[in-house]
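Chemist:
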Amino acid sequence: MEGAVLAVPAIGFNAVYAVLRFANFAVGSIATIGAFAGWIANSTLGWPIAPSLLAAFLAAGVVGIVADEAVLRPLRSSGPLTTAIASVALAIILENAVRFGFGNDPHGFTLPLYRDWHGLGLHLGRQQAQDAAASIVAMAALFCFLAFTRAGKTMRAVADNPMLASLKGIDAVRIGRIANFVGMGLAGFGGMLIALDTQVDPLTGFRVLLSIFAAAVVGGLGSIPGAVMGAFLIGIGEEMSLLVLPATYRGAVGFLAILLILSFRPSGLLGQRAS
Amino acid sequence: MVISRRAALAAGLAVPFIRLARAADEPLRIGALCPLTGAGGQYGPSMVKVIQATADEINQAGGIGGRQIAVTVADTQTNPDAGVAGGHKLIDVDRVSAVVGTWASAVTTAVAPLCWEAKVMLFTVSGADSITKLPHHGYIIRTQPNTHLQMTRATQFLLDNKAKRVFALAAQTPFAVDSYTRITEVLKAGGGEAIGQIIYDPKQTSFRSEIDRALGEKPDTLFLNAYAPDLAILLRELFQAAYDGHRITPGYAATPKVLSSLQPELTNGLWSFAPSPDLDSPAYAAVRKILGTQNPDPYSCQVYDHVNLIALAVAKSGQATGTAIHDAVREVSQGSGQEVHSAIEGMKLLAAGTTVNYSGASGPCDFTPEGDIISCKFRFDEVEGGQPKLLSLS
Chain Z
0 MEGAVLAVPA IGFNAVYAVL RFANFAVGSI ATIGAFAGWI ANSTLGWPIA PSLLAAFLAA
60 GVVGIVADEA VLRPLRSSGP LTTAIASVAL AIILENAVRF GFGNDPHGFT LPLYRDWHGL
120 GLHLGRQQAQ DAAASIVAMA ALFCFLAFTR AGKTMRAVAD NPMLASLKGI DAVRIGRIAN
180 FVGMGLAGFG GMLIALDTQV DPLTGFRVLL SIFAAAVVGG LGSIPGAVMG AFLIGIGEEM
240 SLLVLPATYR GAVGFLAILL ILSFRPSGLL GQRAS
Chain E
0 MVISRRAALA AGLAVPFIRL ARAADEPLRI GALCPLTGAG GQYGPSMVKV IQATADEINQ
60 AGGIGGRQIA VTVADTQTNP DAGVAGGHKL IDVDRVSAVV GTWASAVTTA VAPLCWEAKV
120 MLFTVSGADS ITKLPHHGYI IRTQPNTHLQ MTRATQFLLD NKAKRVFALA AQTPFAVDSY
180 TRITEVLKAG GGEAIGQIIY DPKQTSFRSE IDRALGEKPD TLFLNAYAPD LAILLRELFQ
240 AAYDGHRITP GYAATPKVLS SLQPELTNGL WSFAPSPDLD SPAYAAVRKI LGTQNPDPYS
300 CQVYDHVNLI ALAVAKSGQA TGTAIHDAVR EVSQGSGQEV HSAIEGMKLL AAGTTVNYSG
360 ASGPCDFTPE GDIISCKFRF DEVEGGQPKL LSLS
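The listed protein sequences derive, respectively, from chains Z and E. Number 274 marks the last residue of the first sequence (numbering that gives the first Met the number 0); no jumps. Number 393 marks the last residue of the second sequence (numbering that gives the first Met the number 0); no jumps.
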C-alpha cells in the first residue's frame with residue numbers, strides 16, 4: 000500500500016527528469032504544497048476527498064511551473080548538476096514559504112475513520128486501500144494522457160530523443176512546462192495521499208523525499224514504469240526489512256537500494272540512460 | 000611628538016581601567032538555539048519570543064549593572080547537524096557566553112561538547128539521562144527533569160491505574176533505551192511487567208508493522224514514547240487496528256495543536272504526562288503575559304528561567320563570561336538567600352548585598368552538581384473530546 004502511494008510522486012519526479020534531464024529535489028516541498036492545497040479544499044472549503052485531490056494536483060502543478068520558470072529554467076543551460084542543486088535551494092524556499100503562511104502546527108483532514116478489514120489471518124487498512132486506489136486512478140490517467148493525447152505523445156517524443164523532437168518542430172519549452180505541470184501535479188497528489196494517512200505540516204513531503212528519490216533511482220531515472228516498480232520495491236522492502244532488521248534501520252532501506260542499484264545497474268531496473 | 004615618561008606611565012596604568020570600562024560596556028551575549036522547525040517546531044517560536052522579551056525587559060530596566068543583553072537566534076531544525084552548525088555560529092562568530100533552549104536530546108548531546116570546550120554555559124530543556132552524564136565540567140544545566148525522574152513518575156501513574164502489561168513504542172532518541180529500562184524497573188517493583196519495546200525511525204509515514212508486532216504481545220497499555228508527528232500516525236493506526244487498551248505519551252507529543260488536528264475518536268482516553276510549571280509563581284504569570292496565553296508550554300517557562308538565571312549569575316559575578324556564569328549560577332539559584340522570581344528583582348537585592356535564591360516559572364530551579372534539577376511537579380492529563388483534562392498535579 001505504501002508503495003502505491005509513493006509511486007505517484009516518484010512518477011512525477013521521473014516525468015520531469017525524462018523531459019528536462021535534471022533531478023528536481025523540490026519534489027518533496029511541492030508534495031507538501033499539494034497536501035496543504037488539498038487540506039484547504041477539504042477542511043476549509045468542505046470539499047470531499049476526490050475533488051480535494053484534484054485541487055492538490057492543480058495547485059502543485061501551477062506552483063511547479065511558476066517555480067521552474069522563476070528559478071530552474073534560467074539555470075538549465077548551466078547543466079543538470081547546477082539545476083539539481085538549485086532545486087535543493089528551491090525546496091528550502093518553498094518549505095519555509097509554507098511555514099510562513101501556515102506555521103509549524105500540524106493539520107488534519109476531515110475524513111471518516113475506518114477500522115481494518117480482517118480475514119484469513121490478514122488485515123487490510125481501508126484508508127490505505129482507498130489511497131492505493133486513488134494512486135492507481137492517477138497512474139491510469141497519466142497512462143491515458145501519455146498514450147492518447149497529442150501533448151502526451153510529444154512529451155514522450157522529447158523524452159525519447161530531444162534532438163529529433165526539435166527537428167520535428169516540437170516546442171521544447173512548451174513541452175517542458177507540460178512535463179513540469181504534470182510531474183509536480185502528481186507530486187502534489189501524492190503529497191495529499193501521504194498526508195491523509197499522517198498529517199499536513201511543512202515537512203510532510205520532505206519526510207518521503209529519500210523514498211521518492213530511491214524509488215526513482217531503483218526504477219530508473221526518467222522511466223515512468225520504473226518509478227512504479229521502484230516505489231513498490233522500496234515500500235515492500237521497508238516493511239519486510241522489519242523481519243531481519245531493527246525498526247530503526249527501516250529508513251536505511253532507501254539508501255541501501257540506491258547503493259545496490261548504482262553499484263550493479265546504474266541505469267536502474269527499467270532505465271535507459273545512465274548519464 | 001614627544002611623550003614624557005610620566006605620560007607613558009600614566010597611559011600604561013590606565014590600560015586595565017579602560018579594559019574594565021569596555022568590558023562593562025560589552026553586552027552579555029546569549030544564543031537562543033531553539034527548534035524553530037522540525038519536530039520541535041511547535042515550541043521554538045514561543046521559546047524565542049520569551050527569551051527575547053525577557054532580555055528586553057531586563058535591558059529596559061537598566062540592564063545588568065548597565066550591561067545590556069544581546070540575544071542571537073539560531074534554528075536547530077530539531078536536527079543535530081543543524082544544531083551543531085547553529086552552535087558553532089553562536090559560539091565562534093557571535094561570541095555568546097551562554098546558549099539556551101536546546102530542545103531535542105539528540106541536538107543537546109551534539110551541541111554540548113562545543114559549549115564546554117569553549118567554556119560557554121549551556122542551559123537546556125532536554126531530558127535524556129545521558130546529557131548530564133557527559134564530561135561537561137559543570138557547563139550544562141537543565142530545567143527539564145531527566146528521563147529517570149520522568150519515567151519513574153509516569154510508570155507509577157500507570158501502576159496506580161492498574162496497568163499490568165506495558166509495551167513501549169519509542170521514537171529513536173537518546174532517551175529511548177534509558178526510558179524503557181526505568182519503566183521496566185518501576186513496573187517490576189510495582190507488580191506489573193514491561194513486555195517489550197520497539198524503537199522506530201520517526202521519519203516514517205507508517206508504523207503498521209511495528210504496531211502489529213506490539214499488539215501481538217497482548218499489552219494492556221502502550222507507552223507511546225513519541226514526538227508529535229509520529230504520535231499522530233501511531234494514534235490513527237492504533238485506531239485502525241482496533242486497539243482499545245490504554246495509551247500514555249509525553250506531553251510534548253500530545254500538544255493541543257496535535258490533539259485538535261485529530262478526530263476525537265483517535266485521542267479520547269489518551270493519557271499524557273509532563274513536568275508542570277509552577278502555576279502559582281509570579282514568574283509563570285510573567286510568561287503568560289509575554290505569550291498572551293493562559294497555558295504557556297513548559298519549555299517557554301524554562302527558557303524564561305534560563306535568561307533570568309544567566310542575568311543573575313552575571314550580576315553576582317560582575318563578569319559576562321561563560322565561566323563566570325558557570326561559577327555563580329548556583330549562588331543565585333539555590334541556598335538560603337531571599338526568594339526572587341525575576342532577575343530585575345534579584346539584581347536590586349544583589350546590589351544591596353543580599354543573597355538571592357531564584358525560583359522560576361518552571362519550578363524551584365535548584366540543581367545538582369551534575370546539572371539536573373532536584374525536583375519539580377508533574378501533571379497528568381486525559382484527553383476528552385480533543386482536549387486534555389487535568390487528572391492530577393503533584
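Ideal Cβ positions, reconstructed from N, Cα and C, are used throughout, including at glycine.
1. Please report the distance separating the alpha-carbon of Z:F21 from that of E:E369.
2. The alpha helix (DSSP H) with E:P295 in it runs from where to where?
3. For E:S358, which residues of its own chain have a beta-carbon under 8 Å away from its beta-carbon, when the five flanking residues on both sides are left out?
4. So, is E:E209 buried or exposed, given that buried needs 16 or more other C-beta atoms within 10 angstroms?
5. Enumerated in chain order, which unbroken segments of the alpha helix (DSSP H) with a length of 4 residues or greater are wholly contained in the stretch 194 to 248 of chain E?
6. Would you say Z:D115 faces chain E, with C-beta separation under 7 Å as the test?
7. Does the beta carbon of Z:T43 come closer than 7 Å to any beta carbon on chain E?
8. DSSP three-state call for E:C114: helix, strand or coil?
9. Give the range of the alpha helix (DSSP H) segment to which E:E25 is assigned.
10. Go to E:S259, then tell me how far its alpha helix (DSSP H) extends in each direction, as first and last residue.
11. Would you call E:V92 buried or exposed, if buried means 16 or more other Cβ atoms sit within 10 Å of its Cβ?
12. Could you say which of Z:P73, Z:R249, Z:P50, Z:V70 lies nearest to E:I198 if we only look at CA atoms?
13. Anything in chain Z within Cβ reach of E:D243, meaning under 7 Å, just list it in chain order.
14. Short of 7 Å Cβ to Cβ, which residues in the stretch 307 to 326 of chain E face chain Z?
15. Quick one, which of E:G65, E:V98, E:T266, E:V49 has its alpha-carbon nearest E:T75's?
16. Flag Z:F112 as yes if its beta-carbon sits less than 7 Å from any beta-carbon of chain E, otherwise no.
17. According to DSSP, which residues form a beta bridge with E:I140?
18. Please classify E:P134 as buried or exposed, where buried requires at least 16 neighbouring CB atoms within 10 angstroms.
19. Using DSSP's beta-bridge definition, name the partner residues of Z:R75.
20. Would DSSP call E:S393 helix, strand or coil?
21. Spatial neighbours of Z:V62 within its chain, please: CB distance less than 6 Å, with the 5 preceding and 5 following residues excluded, ordered by chain position.
22. Whole angstroms is fine: what's the gap from E:L223's alpha carbon to Z:V181's?
23. Count the other CB atoms, across all protein chains shown, that sit within 10 Å of the CB of E:R66; report buried if there are 16 or more and exposed otherwise.
24. Can you tell me whether DSSP reads Z:N179 as helix, strand or coil?
25. How should Z:V243 be labelled, buried or exposed, when 16 other C-beta atoms within 10 angstroms of its C-beta is the threshold for buried?
26. Which residues mark the beginning and the end of the alpha helix (DSSP H) in which E:Q155 is found?
27. Which residues in chain E have a C-beta closer than 9 Å to the C-beta of Z:I211? List them in chain order.
28. Using the beta-carbon count (16 or more within 10 Å), is E:F206 buried or exposed?
29. Using 8 Å as the Cβ pair cut-off and three pairs as the minimum, do the stretch 185 to 197 of chain Z and the stretch 30 to 45 of chain Z touch?
30. If you reduce the DSSP assignment to three classes, tell me which class Z:S210 lands in.
31. Is Z:I64 near Z:N179, with beta carbons less than 7 Å apart?
32. Quick check on E:L231 - is its C-beta less than 7 Å from some C-beta in chain Z?
33. What residues in its chain sit with their C-beta under 6 Å from that of E:K187, if we drop five residues either side in the sequence?
34. Quick one: measure Cβ to Cβ for E:G100 and E:V124, integer angstroms, because I've assumed they're closer than 8 Å.
35. Tell me the rounded alpha-carbon separation between Z:I235 and Z:G2.
36. Should Z:P105 be flagged as near chain E, meaning a C-beta pair shorter than 7 Å?
Modeler: The structure says:
1. 52 Å
2. E:P295 -> no alpha helix (DSSP H), and no H or E assigned at all.
3. D277, S280, A282, E338, V339, H340, C364
4. buried
5. 207 to 214, 227 to 239
6. yes
7. no
8. helix
9. Counting along the chain, E:E25 falls outside any alpha helix (DSSP H), and DSSP gives it neither H nor E.
10. 255 to 260
11. exposed
12. Z:R249
13. Here the premise fails: no neighbours, minimum Cβ distance about 11 Å.
14. none
15. E:V98
16. Per the sequence shown, residue 112 of chain Z should be read as Leu rather than Phe. Answer yes: the Cβ-Cβ gap between Z:L112 and chain E drops below 7 Å somewhere.
17. E:F122
18. exposed
19. In the DSSP output, where bridge partners are listed per residue, Z:R75 has none listed.
20. coil
21. I32
22. 40 Å
23. buried
24. helix
25. exposed
26. 146 to 159
27. Chain E residues near Z:I211: none, gap ~11 Å exceeds 9 Å.
28. buried
29. yes
30. helix
31. yes
32. Before going on, a small fix: residue 231 of chain E reads as Ala here, not Leu. Yes, E:A231 counts as interfacial toward chain Z.
33. none
34. 7 Å
35. 7 Å
36. yes
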